[in-house]
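A.B. asks:
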Amino acid sequence: MRIRVIYFAYYKELAGTSDEEICLENDSTVGNLLEIVKRLHKPLEAEGERIIVAVNSEYAKGDARLNEGDLIALFPPVSGG
Numbered sequence: 205m206r207i208r209v210i211y212f213a214y215y216k217e218l219a220g221t222s223d224e225e226i227c228l229e230n231d232s233t234v235g236n237l238l239e240i241v242k243r244l245h246k247p248l249e250a251e252g253e254r255i256i257v258a259v260n261s262e263y264a265k266g267d268a269r270l271n272e273g274d275l276i277a278l279f280p281p282v283s284g285g
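Here the sequence shown is numbered in the numbering used here, starting from 205 and rising by one per residue.
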């Protein structure tokens with residue numbers, strides 16, 4: 205299945221792109237996707253579990269199932285003060 209991944213904030217720079225299409229096996233999860241993304245874009249490996257994921261505009265955890273055509277947003281944790 206194909207999904208679209210959009211990178212926000214400095215993740216764009218770490219990934220070297222603002223968005224891309226990724227092919228996954230059926231029944232893949234957010235966790236599976238993050239493994240692939242980190243393999244494709246080595247600088248993102250250092251982000252570990254801090255990557256925030258939204259699937260079709262809703263926050264998702266690692267065990268969330270993905271479907272053909274999903275839109276995935278990856279963004280760093282928000283810090284402020």
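Don't be surprised by glycine CBs; every beta carbon is placed ideally from N, CA and C.
Keeping to the same chain, check which residues put their C-beta closer than 8 Å to that of HIS245; ignore five residues upstream and five downstream.
C.D. replies: On the sequence shown, position 41 is the one that residue 245 refers to. LEU218, ALA219, GLY220.
A.B. asks: Compare the Cα-Cα distances from GLU272 to each of PHE212, TYR214, ASP223, SER232 and report the closest residue.
C.D. replies: Your numbering for residue 272 matches position 68 in the sequence shown. Considering only alpha carbons, the answer is SER232.
A.B. asks: From what residue to what residue does the alpha helix (DSSP H) around VAL234 run?
C.D. replies: Here residue 234 refers to the residue found at position 30 of the sequence shown. Where VAL234 is concerned, the enclosing alpha helix (DSSP H) stretches over 234-244.
A.B. asks: Excluding sequence positions up to five away, which residues of its chain have a Cβ less than 7 Å from the Cβ of ARG269?
C.D. replies: Residue 269 sits at position 65 when you count from the first residue of the sequence shown. These residues qualify, in order along the chain: ASP231, THR233.
A.B. asks: What does the Cβ neighbour count give for ASP267, buried or exposed, with the cut at 16 atoms within 10 Å?
C.D. replies: Walking along the sequence shown from the start, residue 267 turns up at place 63. The residue in question, ASP267, is exposed, as its Cβ has fewer than 16 Cβ neighbours within 10 Å.
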